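S.K.: Sharing a structure here in C-alpha coordinates format.
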Amino acid sequence: MGFISAIITHIAPIFIVSSPITSYADQIYSIHSSRSSAGFSLDIPLIMLAASILKVFYWLGARYDTSLFLQALLMIVMQTVLLHVALTHRPGLSSAHLTPFASSDPTSAHHAPYPRPFKFWQWRQHQPYWTFLGGLFVTLLFLQLLLGPTYLYESYYNLLGTVALTIEATLPLPQILANQRRKSCKGFRFSVLINWLIGDAFKLVFFFLKGEDSVPWAFKLCGLFQATCDAYLGIQYAMWGNGPAEANGILTPGREVEMELR
(Lines of atoms letter the chains of each structure in order from A and count residues from 1; the text may use other names and numbers.)
(Lines give C-alpha, C1' and ligand atoms only; values in the text may rest on other atoms or scores of the structure.)
Protein backbone atom coordinates (compact mmCIF):
# COMPACT_ATOMS: atom_id res chain seq x y z
CA MET A 1 0.00 0.00 0.00
CA GLY A 2 2.94 2.32 0.53
CA PHE A 3 3.80 2.32 -3.18
CA ILE A 4 0.18 2.96 -4.21
CA SER A 5 -0.09 5.72 -1.63
CA ALA A 6 3.05 7.35 -3.03
CA ILE A 7 1.58 7.24 -6.54
CA ILE A 8 -1.66 8.84 -5.38
CA THR A 9 0.00 11.45 -3.19
CA HIS A 10 2.98 12.50 -5.29
CA ILE A 11 3.33 10.98 -8.77
CA ALA A 12 -0.23 11.11 -10.13
CA PRO A 13 -0.86 14.78 -9.25
CA ILE A 14 2.41 15.81 -10.91
CA PHE A 15 1.51 13.83 -14.03
CA ILE A 16 -2.00 15.30 -14.10
CA VAL A 17 -0.85 18.91 -13.73
CA SER A 18 1.94 18.57 -16.32
CA SER A 19 -0.08 16.55 -18.85
CA PRO A 20 -1.16 19.59 -20.94
CA ILE A 21 2.51 20.40 -21.53
CA THR A 22 3.68 16.85 -22.17
CA SER A 23 0.75 16.18 -24.49
CA TYR A 24 0.71 19.37 -26.57
CA ALA A 25 4.14 21.03 -26.49
CA ASP A 26 5.43 18.77 -29.26
CA GLN A 27 2.29 19.40 -31.33
CA ILE A 28 2.74 23.15 -31.05
CA TYR A 29 6.42 22.90 -31.95
CA SER A 30 5.68 20.63 -34.91
CA ILE A 31 3.12 23.02 -36.40
CA HIS A 32 5.32 26.06 -35.79
CA SER A 33 8.46 24.48 -37.23
CA SER A 34 6.72 23.09 -40.32
CA ARG A 35 4.72 26.30 -40.83
CA SER A 36 1.65 24.17 -41.52
CA SER A 37 -1.24 22.79 -39.48
CA ALA A 38 -2.36 20.49 -42.29
CA GLY A 39 -3.66 17.26 -40.80
CA PHE A 40 -4.48 18.86 -37.46
CA SER A 41 -8.15 19.19 -36.52
CA LEU A 42 -9.14 22.53 -35.02
CA ASP A 43 -11.84 20.66 -33.13
CA ILE A 44 -9.19 19.58 -30.62
CA PRO A 45 -8.60 23.10 -29.21
CA LEU A 46 -12.37 23.68 -29.30
CA ILE A 47 -13.11 20.59 -27.19
CA MET A 48 -10.32 21.14 -24.71
CA LEU A 49 -10.79 24.91 -24.32
CA ALA A 50 -14.54 24.64 -23.81
CA ALA A 51 -14.15 21.77 -21.33
CA SER A 52 -11.32 23.46 -19.41
CA ILE A 53 -13.08 26.83 -19.12
CA LEU A 54 -16.18 25.06 -17.82
CA LYS A 55 -14.07 23.09 -15.33
CA VAL A 56 -12.56 26.29 -13.95
CA PHE A 57 -16.01 27.69 -13.18
CA TYR A 58 -17.05 24.29 -11.86
CA TRP A 59 -14.15 24.42 -9.39
CA LEU A 60 -15.44 27.71 -7.96
CA GLY A 61 -18.40 25.78 -6.60
CA ALA A 62 -17.21 22.20 -6.19
CA ARG A 63 -13.66 22.94 -4.96
CA TYR A 64 -12.46 19.60 -6.29
CA ASP A 65 -8.83 18.45 -6.11
CA THR A 66 -6.33 21.27 -6.68
CA SER A 67 -4.22 19.29 -9.17
CA LEU A 68 -7.24 18.89 -11.46
CA PHE A 69 -7.95 22.61 -11.21
CA LEU A 70 -4.35 23.49 -12.05
CA GLN A 71 -4.51 21.09 -14.99
CA ALA A 72 -7.56 22.94 -16.32
CA LEU A 73 -5.78 26.31 -16.04
CA LEU A 74 -2.65 25.04 -17.75
CA MET A 75 -4.74 23.34 -20.44
CA ILE A 76 -6.37 26.68 -21.26
CA VAL A 77 -2.93 28.25 -21.74
CA MET A 78 -1.61 25.40 -23.91
CA GLN A 79 -4.75 25.13 -26.04
CA THR A 80 -4.85 28.88 -26.57
CA VAL A 81 -1.28 28.77 -27.87
CA LEU A 82 -2.07 25.69 -29.96
CA LEU A 83 -5.14 27.33 -31.52
CA HIS A 84 -3.17 30.48 -32.32
CA VAL A 85 -0.34 28.51 -33.95
CA ALA A 86 -2.76 26.27 -35.86
CA LEU A 87 -4.73 29.24 -37.20
CA THR A 88 -1.58 31.16 -38.09
CA HIS A 89 -0.22 28.27 -40.14
CA ARG A 90 -3.51 26.99 -41.51
CA PRO A 91 -3.05 25.86 -45.13
CA GLY A 92 -5.12 26.75 -48.15
CA LEU A 93 -8.71 27.89 -48.40
CA SER A 94 -10.32 24.48 -48.50
CA SER A 95 -12.65 23.76 -45.62
CA ALA A 96 -11.32 20.22 -45.75
CA HIS A 97 -8.63 21.25 -43.31
CA LEU A 98 -11.17 22.54 -40.83
CA THR A 99 -13.35 19.46 -40.32
CA PRO A 100 -12.27 16.18 -38.78
CA PHE A 101 -13.70 13.95 -41.52
CA ALA A 102 -13.55 16.10 -44.64
CA SER A 103 -11.91 14.81 -47.78
CA SER A 104 -8.59 16.36 -48.73
CA ASP A 105 -9.25 15.72 -52.40
CA PRO A 106 -9.26 19.17 -54.04
CA THR A 107 -11.47 17.87 -56.84
CA SER A 108 -14.16 16.71 -54.44
CA ALA A 109 -17.45 18.57 -54.57
CA HIS A 110 -18.03 17.96 -50.91
CA HIS A 111 -15.13 19.19 -48.81
CA ALA A 112 -17.32 19.25 -45.70
CA PRO A 113 -19.60 16.20 -45.47
CA TYR A 114 -20.76 17.42 -42.07
CA PRO A 115 -21.57 21.13 -42.56
CA ARG A 116 -22.21 23.04 -39.37
CA PRO A 117 -24.78 25.76 -38.68
CA PHE A 118 -23.30 29.21 -39.28
CA LYS A 119 -20.05 27.44 -40.31
CA PHE A 120 -19.29 27.04 -36.62
CA TRP A 121 -15.56 26.56 -35.99
CA GLN A 122 -15.00 26.48 -39.75
CA TRP A 123 -14.48 30.21 -40.16
CA ARG A 124 -11.75 31.54 -42.43
CA GLN A 125 -11.06 34.64 -40.33
CA HIS A 126 -9.28 34.27 -37.00
CA GLN A 127 -11.41 36.74 -35.05
CA PRO A 128 -14.60 34.62 -34.75
CA TYR A 129 -12.70 31.89 -32.89
CA TRP A 130 -11.52 34.29 -30.19
CA THR A 131 -14.90 36.05 -30.13
CA PHE A 132 -16.64 32.75 -29.41
CA LEU A 133 -14.21 31.82 -26.63
CA GLY A 134 -14.42 35.29 -25.12
CA GLY A 135 -18.21 35.13 -25.29
CA LEU A 136 -18.20 31.76 -23.55
CA PHE A 137 -16.04 33.13 -20.74
CA VAL A 138 -18.11 36.30 -20.30
CA THR A 139 -21.37 34.30 -20.29
CA LEU A 140 -20.07 31.92 -17.62
CA LEU A 141 -18.76 34.84 -15.56
CA PHE A 142 -22.16 36.53 -15.75
CA LEU A 143 -23.95 33.34 -14.67
CA GLN A 144 -21.44 32.91 -11.85
CA LEU A 145 -22.21 36.38 -10.50
CA LEU A 146 -25.95 35.96 -11.07
CA LEU A 147 -26.43 32.50 -9.57
CA GLY A 148 -23.58 32.41 -7.05
CA PRO A 149 -25.55 33.95 -4.17
CA THR A 150 -28.73 31.91 -4.88
CA TYR A 151 -29.99 28.49 -3.87
CA LEU A 152 -29.70 27.41 -7.52
CA TYR A 153 -25.92 27.64 -7.47
CA GLU A 154 -25.20 24.07 -6.35
CA SER A 155 -27.33 22.60 -9.13
CA TYR A 156 -25.76 25.03 -11.59
CA TYR A 157 -22.12 24.25 -10.85
CA ASN A 158 -22.82 20.51 -10.81
CA LEU A 159 -24.36 20.90 -14.27
CA LEU A 160 -21.24 22.79 -15.39
CA GLY A 161 -19.05 19.92 -14.23
CA THR A 162 -21.14 17.30 -15.99
CA VAL A 163 -21.15 19.26 -19.26
CA ALA A 164 -17.41 19.99 -19.06
CA LEU A 165 -16.40 16.39 -18.48
CA THR A 166 -18.84 15.06 -21.07
CA ILE A 167 -17.32 17.37 -23.68
CA GLU A 168 -13.79 16.31 -22.75
CA ALA A 169 -14.73 12.63 -22.81
CA THR A 170 -15.68 12.91 -26.49
CA LEU A 171 -12.08 13.70 -27.50
CA PRO A 172 -11.21 10.14 -28.69
CA LEU A 173 -14.40 9.73 -30.74
CA PRO A 174 -13.25 11.51 -33.95
CA GLN A 175 -10.22 9.19 -34.17
CA ILE A 176 -12.34 6.09 -33.50
CA LEU A 177 -14.88 7.04 -36.18
CA ALA A 178 -12.15 7.90 -38.68
CA ASN A 179 -10.43 4.54 -38.15
CA GLN A 180 -13.74 2.71 -38.39
CA ARG A 181 -14.67 4.33 -41.69
CA ARG A 182 -11.28 3.59 -43.26
CA LYS A 183 -10.72 0.18 -41.62
CA SER A 184 -7.23 1.47 -40.94
CA CYS A 185 -5.26 3.28 -38.24
CA LYS A 186 -2.85 4.82 -40.72
CA GLY A 187 -1.95 8.28 -39.50
CA PHE A 188 -2.65 7.40 -35.88
CA ARG A 189 0.70 6.96 -34.18
CA PHE A 190 1.20 4.05 -31.82
CA SER A 191 3.16 6.29 -29.44
CA VAL A 192 0.10 8.51 -29.07
CA LEU A 193 -2.04 5.51 -28.18
CA ILE A 194 0.47 4.44 -25.53
CA ASN A 195 0.55 7.96 -24.10
CA TRP A 196 -3.24 8.05 -23.87
CA LEU A 197 -3.44 4.65 -22.17
CA ILE A 198 -0.76 5.55 -19.62
CA GLY A 199 -2.60 8.78 -18.92
CA ASP A 200 -5.85 6.88 -18.42
CA ALA A 201 -4.18 4.54 -15.95
CA PHE A 202 -2.79 7.41 -13.87
CA LYS A 203 -6.09 9.27 -13.90
CA LEU A 204 -8.20 6.27 -12.90
CA VAL A 205 -5.86 5.33 -10.06
CA PHE A 206 -5.94 8.92 -8.86
CA PHE A 207 -9.71 9.33 -9.27
CA PHE A 208 -10.74 6.15 -7.48
CA LEU A 209 -8.12 5.92 -4.75
CA LYS A 210 -7.65 9.58 -3.86
CA GLY A 211 -10.80 9.78 -1.75
CA GLU A 212 -14.49 10.25 -2.33
CA ASP A 213 -14.51 13.93 -1.37
CA SER A 214 -11.50 14.93 -3.50
CA VAL A 215 -12.72 13.79 -6.92
CA PRO A 216 -16.41 14.13 -7.87
CA TRP A 217 -18.12 11.18 -9.53
CA ALA A 218 -18.49 13.14 -12.77
CA PHE A 219 -14.70 12.94 -13.18
CA LYS A 220 -14.72 9.21 -12.48
CA LEU A 221 -17.51 8.34 -14.91
CA CYS A 222 -16.09 10.43 -17.74
CA GLY A 223 -12.62 9.04 -17.04
CA LEU A 224 -13.98 5.51 -17.38
CA PHE A 225 -15.69 6.39 -20.66
CA GLN A 226 -12.52 7.96 -22.04
CA ALA A 227 -10.42 4.97 -20.97
CA THR A 228 -12.91 2.63 -22.67
CA CYS A 229 -12.67 4.63 -25.90
CA ASP A 230 -8.87 4.57 -25.76
CA ALA A 231 -8.93 0.82 -25.14
CA TYR A 232 -11.10 0.41 -28.23
CA LEU A 233 -8.55 2.42 -30.18
CA GLY A 234 -6.03 -0.20 -29.08
CA ILE A 235 -8.33 -2.93 -30.42
CA GLN A 236 -8.61 -1.07 -33.73
CA TYR A 237 -4.84 -0.81 -33.93
CA ALA A 238 -4.50 -4.54 -33.23
CA MET A 239 -7.05 -5.36 -35.96
CA TRP A 240 -5.96 -3.01 -38.72
CA GLY A 241 -2.57 -1.54 -37.80
CA ASN A 242 -1.16 0.96 -40.27
CA GLY A 243 -2.97 -0.53 -43.25
CA PRO A 244 -3.46 1.44 -46.46
CA ALA A 245 -5.49 4.60 -45.96
CA GLU A 246 -4.57 6.36 -49.21
CA ALA A 247 -5.57 5.62 -52.76
CA ASN A 248 -4.16 7.11 -55.93
CA GLY A 249 -2.29 9.67 -53.92
CA ILE A 250 -5.47 11.09 -52.45
CA LEU A 251 -6.02 11.09 -48.73
CA THR A 252 -9.11 9.33 -47.56
CA PRO A 253 -11.56 10.83 -45.04
CA GLY A 254 -10.25 10.89 -41.54
CA ARG A 255 -6.64 11.81 -42.29
CA GLU A 256 -7.31 15.18 -40.70
CA VAL A 257 -7.30 13.62 -37.25
CA GLU A 258 -3.84 12.18 -37.80
CA MET A 259 -2.19 14.58 -35.38
CA GLU A 260 -4.85 14.75 -32.72
CA LEU A 261 -3.26 14.69 -29.30
CA ARG A 262 -4.90 14.91 -25.97
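Residue numbers for the sequence shown follow the working numbering, beginning at 17 and rising by one. All C-beta atoms, glycine included, are put in the ideal place defined by N, C-alpha and C. Since the structure is predicted, the reported quantities are computational estimates derived from the model, not experimental observations.
Can the beta-carbon of Lys-199 be found closer than 8 Å to that of Trp-256?
M.R.: yes
S.K.: Rounded to a whole number of angstroms, what is the C-alpha to C-alpha distance between Thr-155 and Ile-214?
M.R.: 35 Å
S.K.: Touch check for the stretch 37-46 and the stretch 96-103: three-plus C-beta pairs under 8 Å?
M.R.: yes
S.K.: Which value, in whole angstroms, describes the spacing of the CA atoms of Gln-196 and Asp-59?
M.R.: 19 Å
S.K.: Can the beta-carbon of Ile-32 be found less than 8 Å from the beta-carbon of Ser-83?
M.R.: yes
S.K.: Could you compute how far the alpha carbon of Met-64 sits from the alpha carbon of Thr-38?
M.R.: 15 Å
S.K.: So, is Ser-50 buried or exposed, given that buried needs 16 or more other C-beta atoms within 10 angstroms?
M.R.: exposed
S.K.: Looking at the secondary structure, which residues open and close the alpha helix (DSSP H) in which Ala-194 lies?
M.R.: DSSP places Ala-194 in the uninterrupted alpha helix (DSSP H) bounded by 189-198.
S.K.: Evaluate Pro-133 with the Cβ neighbour count: other Cβ atoms within 10 Å of its Cβ, from every protein chain shown; 16 or more gives buried, anything less gives exposed.
M.R.: Exposed is the label assigned to Pro-133, since fewer than 16 other Cβ atoms lie within 10 Å of its Cβ.
S.K.: Out of Thr-178, Gln-138, Leu-157, state which residue places its alpha-carbon closest to the alpha-carbon of Ala-78.
M.R.: Here the closest residue by C-alpha is Thr-178.
S.K.: Measure how close the beta-carbons of Tyr-253 and Ile-192 come, nearest whole angstrom, since I'm counting them as under 8 Å.
M.R.: At roughly 11 Å, the Cβ-Cβ gap does not stay under 8 Å, so Tyr-253 and Ile-192 are not in contact.
S.K.: Starting from the C-beta of Ala-234, find all residues in its chain whose C-beta is less than 6 Å away, skip the five residues before and the five after it, and write them out in chain order.
M.R.: Gly-177, Thr-178, Leu-181
S.K.: Buried or exposed: which applies to Leu-15, given that a residue is buried once 16 or more other Cβ atoms fall within 10 Å of its Cβ?
M.R.: A question about residue 15 goes unanswered here, because the residues of the chain that appear run from 17 up to 278.
S.K.: From Leu-220, Cys-238, Phe-241, Cys-245, pick the residue whose C-alpha is nearest to that of Pro-29; which is it?
M.R.: Closest option to Pro-29, Cα to Cα, is Leu-220.
S.K.: Pick helix, strand or coil for Lys-202, following the three-state DSSP scheme.
M.R.: coil
S.K.: Assuming Pro-61 contacts Gln-95 under a Cβ cut-off of 8 Å, what Cβ separation, rounded to an integer in Å, is found between them?
M.R.: Indeed they touch by this definition, with Cβ atoms about 5 Å apart.
S.K.: Mind checking Pro-36: buried by the 16 CB within 10 Å criterion, or exposed?
M.R.: buried
S.K.: Label Asn-258 either buried or exposed according to how many other C-beta atoms from any shown protein chain fall within 10 Å of its C-beta, with 16 as the threshold for buried.
M.R.: exposed
S.K.: Give the secondary structure of His-26 by DSSP, where H, G and I count as helix, E and B as strand, and everything else as coil.
M.R.: helix
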